[in-house]
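Novice:
Residue numbers (the numbering used here), protein chains in the order written: chain A, 310 to 652; chain B, -19 to 87.
1. Taking the alpha carbon of residue 403 of chain A as the point to measure from, which residue in A/619, A/650, A/601 and A/591 has its own alpha carbon closest?
2. Per DSSP, residue 77 of chain B is paired with what?
3. State the Cα-Cα distance for the pair residue 71 of chain B and residue 12 of chain B, rounded to the nearest angstrom.
4. Could you tell me whether the Cβ atoms of residue 16 of chain B and residue 79 of chain B are closer together than 9 Å?
5. List, in chain order, every chain B residue whose beta-carbon is nearer than 7 Å to that of residue 358 of chain A.
6. Give the single residue among A/482, A/599, A/451 and A/445 whose Cα lies nearest to the Cα of residue 535 of chain A.
7. For a contact meaning CB atoms closer than 9 Å, what does residue 524 of chain A contact in chain B?
8. Using a C-beta cutoff of 9 Å, does residue 494 of chain A count as contacting chain B?
9. Which bits of chain A does residue 47 of chain B rub up against, with CB to CB less than 8 Å?
10. Have a look at residue 490 of chain A and residue 64 of chain B and give me their C-alpha separation to the nearest angstrom.
11. With a threshold of 9 Å between beta carbons, is residue 639 of chain A in contact with chain B?
12. Taking DSSP as the reference, what is the three-state secondary structure of residue 342 of chain A?
13. In angstroms with no decimal places, state the Cα-to-Cα distance between residue -14 of chain B and residue 399 of chain A.
14. Candidates B/34, B/-8 and B/62: which alpha carbon is nearest residue 42 of chain B's?
15. Identify whether residue 364 of chain A lies in helix, strand or coil by the three-state DSSP scheme.
16. Please state the DSSP three-state secondary structure of residue 530 of chain A.
17. Does residue 9 of chain B have its Cβ less than 9 Å from a Cβ in chain A?
18. Which residue's Cα is closest to the Cα of residue 588 of chain A: A/424, A/350 and A/409?
19. Taking 9 Å as the CB-CB limit, is residue 44 of chain B close to chain A?
20. How would you list, in chain order, the residues of chain B whose beta-carbon sits under 8 Å from the beta-carbon of residue 439 of chain A?
21. Taking buried to mean at least 16 other C-beta atoms within 10 Å of its own C-beta, is residue 34 of chain B buried or exposed?
22. I think residue 556 of chain A touches residue 453 of chain A, with their Cβ atoms under 8 Å apart; what is that distance to the nearest whole Å?
23. Tell me, please, which residues DSSP counts as bridged to residue 422 of chain A.
24. Can you pull the chain E residues whose beta carbon is under 7 Å from the beta carbon of residue 543 of chain A, in chain order?
25. Please check if any C-beta of chain A sits within less than 9 Å of the C-beta of residue 50 of chain B.
26. Output yes or no for whether 9 Å exceeds the beta carbon distance between residue 22 of chain B and residue 45 of chain B.
27. Take residue 48 of chain B as the anchor and find which of A/608, A/593, A/497 and A/519 has the nearest alpha-carbon.
28. Over what stretch of residues does the beta strand (DSSP E) that includes residue 382 of chain A continue unbroken?
29. Can you list, in chain order, the residues of the stretch 556 to 569 of chain A whose Cβ is nearer than 8 Å to any Cβ on chain B?
30. Just by C-beta distance, which residues in the stretch 457 to 491 of chain A are closer than 8 Å to chain B?
31. Suppose you measure from the CA of residue 3 of chain B to the CA of residue 18 of chain B; what does that come to, to the nearest Å?
32. Could you tell me whether any non-hydrogen atom of the ligand SAH is closer than 8 Å to the CB of residue 341 of chain A?
33. If we count the other Cβ atoms within 10 Å of its Cβ and call it buried at 16 or more, is residue 569 of chain A buried or exposed?
34. My guess is that residue 428 of chain A and residue 321 of chain A are in contact by the Cβ rule of under 8 Å, so how many angstroms apart are they, rounded?
35. Which same chain residues, not among the five before or five after residue 375 of chain A, have their C-beta less than 8 Å away from its C-beta?
36. Please state the DSSP three-state secondary structure of residue 508 of chain A.
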């Protein structure tokens, strides 16, 4: 499938706080942004790891939740018309002959941009794999980390592992189509919506779902097809569970992912940058926020905001080498205020 | 005050500990490869340690958010988050092992 390339000034990889604020800083310099994020929502770690946890170190906001900070940054970026592309992971990044960059996602989107800003935090969020030996051989055949089509689990002997919302929701939703449904969790407590917990208990009481206390330690099967698992109970004893499908739900973790293949210099999975422009080893590709490193780096949202401001100036100069930049303040510049829609 | 860190090969190391510091911070500051992605906010689960069973009873019970993180990070029976364990004189000599999930991969 050939996809028409989206032409833009800037592609920002990552729609976390730093990526969102970069839209603002680049927008003041008339640079239009497309943001790509692997999550289904903006906010990055603020949205995925700690949406409800209070953050105390954002200047002028004595306390703010990750969710609210994201909403405010979205509002601040809105006048510049950023376009968001969620559920997409940037896979390829290459420099074109005309000096621009071609960015391709796993979902088939193609961008051509003058500048690329990597604001990818700890990398891309991917499902956490339970540390069970040999699990790789079963993945995609009888071990799945997400449910794309419920129908593919019809008449399967499903075992779900985990104790959060995903584990319980899928226990409840897949039980009617599965031949048998079993749930295994390390304790008899669940961190999930109360309604889901009650529904799951009801299924267990009705004999429609079997609940096991413990942790899976070994998988059994052939050629990627699971036939059962060994689990260890909290009393230390081993027991067997028969199943042909395993769905582990342990949330998401961050992996550097495809960034490692883009030919950029890396240091311990971070991208070294200079502290005047926040540019990577490849001119025109910038890196801000948790993903970059430099002497004295602190992984603070605050630092990412500062990095976004300086990066934007450098990115503008890179994209417009002959233009004269006059630094202006939003408090006094009518032209900036017009861009913000307030003048 | 000290903690005993047991590595994957069973070797023990004594780490100087400071009262009021989190066990995660002590391990990290001695340069051991603990991920501790969120920096101690009980929000990522990547500072998991296995506590020597003899010490487990001396620790405070995990709060609900710590249990949740252990759930999501494949915690075992003796697993705790090192960011939730704060050094006190009673914990002098605490023995822990960095759990697999919390070991930082070599770059």
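Backbone N, C-alpha and C fix where the C-beta goes; we use that ideal spot for every residue, glycine too.
Fair warning: this is a prediction, and the values are worked out from it, not measured in the lab.
Specialist: Judging by the given coordinates:
1. Position 94 of the first chain, counted from the first residue, corresponds to residue 403 of chain A. The shortest C-alpha separation from residue 403 of chain A is found at A/591.
2. Position 97 of the second chain, counted from the first residue, corresponds to residue 77 of chain B. Bridge partners of residue 77 of chain B: B/-14 and B/30.
3. In the second chain, the residue the question calls residue 71 of chain B occupies position 91. In the second chain, the residue the question calls residue 12 of chain B occupies position 32. When rounded, the distance between both Cα atoms is 20 Å.
4. Against the second chain, residue 16 of chain B aligns to sequence position 36. Against the second chain, residue 79 of chain B aligns to sequence position 99. No.
5. The residue you call residue 358 of chain A lines up with position 49 of the first chain. What residue 358 of chain A touches in chain B: 18, 23 and 24.
6. Counting from one through the first chain, the residue named residue 535 of chain A turns up at place 226. Residue A/451 is the option with its Cα nearest to residue 535 of chain A.
7. Counting from 1 along the first chain, the entry for residue 524 of chain A is found at position 215. In chain order: 54, 55, 56 and 57.
8. Along the first chain, read from residue 1 onward, the residue named residue 494 of chain A stands at position 185. Yes, residue 494 of chain A lies at the interface with chain B (some Cβ there is under 9 Å from its Cβ).
9. Taking the first residue of the second chain as 1, we reach residue 47 of chain B at position 67. Simply 496, 498 and 500.
10. On the first chain, position 181 is the one that residue 490 of chain A refers to. On the second chain, position 84 is the one that residue 64 of chain B refers to. Those two C-alpha atoms are separated by around 35 Å.
11. On the first chain, position 330 is the one that residue 639 of chain A refers to. No, no contact with chain B.
12. Translated into positions along the first chain, residue 342 of chain A becomes position 33. If DSSP states are grouped into helix, strand and coil, residue 342 of chain A belongs with the strands.
13. Against the second chain, residue -14 of chain B aligns to sequence position 6. Against the first chain, residue 399 of chain A aligns to sequence position 90. Distance between the alpha carbons of residue -14 of chain B and residue 399 of chain A: 39 Å.
14. The residue given as residue 42 of chain B occupies position 62 in the second chain. It is B/62.
15. If you number the first chain from 1, residue 364 of chain A lands on position 55. Strand at residue 364 of chain A.
16. For this step, residue 530 of chain A is matched to residue 221 along the first chain. Residue 530 of chain A: strand per DSSP, three-state reduction.
17. For the purposes of this step, residue 9 of chain B is taken as the residue at position 29 of the second chain. It does not: the Cβ of residue 9 of chain B has no partner Cβ on chain A nearer than 9 Å.
18. Start at 1 with the first residue of the first chain, and residue 588 of chain A comes out as number 279. Closest by alpha carbon: A/424.
19. Translated into positions along the second chain, residue 44 of chain B becomes position 64. It does; some Cβ of chain A falls within 9 Å.
20. Taking the first residue of the first chain as position 1, residue 439 of chain A is located at position 130. By Cβ distance, chain B contributes 54.
21. Translated into the one-based positions of the second chain, residue 34 of chain B becomes position 54. It counts as exposed.
22. Here residue 556 of chain A refers to the residue found at position 247 when the first chain is read from its first residue. Here residue 453 of chain A refers to the residue found at position 144 when the first chain is read from its first residue. Between residue 453 of chain A and residue 556 of chain A the Cβ distance is about 6 Å, and since that is below 8 Å, they are a contact.
23. Translated into the one-based positions of the first chain, residue 422 of chain A becomes position 113. Note: residue 422 of chain A sits in a beta bridge opposite A/317 and A/410.
24. The structure shown contains no chain E; the protein chains it does contain are A and B.
25. Translated into the one-based positions of the second chain, residue 50 of chain B becomes position 70. Closer than 9 Å to some Cβ of chain A, the Cβ of residue 50 of chain B qualifies, so yes.
26. To locate residue 22 of chain B, count along the second chain from 1; it is residue 42. To locate residue 45 of chain B, count along the second chain from 1; it is residue 65. The answer is yes: Cβ separation under 9 Å.
27. If you number the second chain from 1, residue 48 of chain B lands on position 68. Of the candidates A/608, A/593, A/497 and A/519, the one whose C-alpha sits nearest the C-alpha of residue 48 of chain B is A/497.
28. Here residue 382 of chain A refers to the residue found at position 73 of the first chain. Element bounds for residue 382 of chain A: not the beta strand (DSSP E) but the alpha helix (DSSP H), 375 to 386.
29. 559, 560, 562 and 563
30. 471, 472 and 473
31. The count along the second chain starts at 1 and reaches residue 3 of chain B at position 23. The count along the second chain starts at 1 and reaches residue 18 of chain B at position 38. Answer to the nearest angstrom: the Cα atoms are 15 Å apart.
32. Inclusion of the ligand SAH in the displayed structure is not the case, the ligand content being empty and no account of it being possible.
33. Along the first chain, one-based indexing puts residue 569 of chain A at 260. Result: exposed.
34. Start at 1 with the first residue of the first chain, and residue 428 of chain A comes out as number 119. Start at 1 with the first residue of the first chain, and residue 321 of chain A comes out as number 12. Confirmed, Cβ separation roughly 6 Å.
35. On the first chain, position 66 is the one that residue 375 of chain A refers to. Cβ within range, chain order: 352, 354, 355, 356, 358, 359, 360, 361, 362 and 364.
36. Your numbering for residue 508 of chain A matches position 199 in the first chain. If DSSP states are grouped into helix, strand and coil, residue 508 of chain A belongs with the helices.
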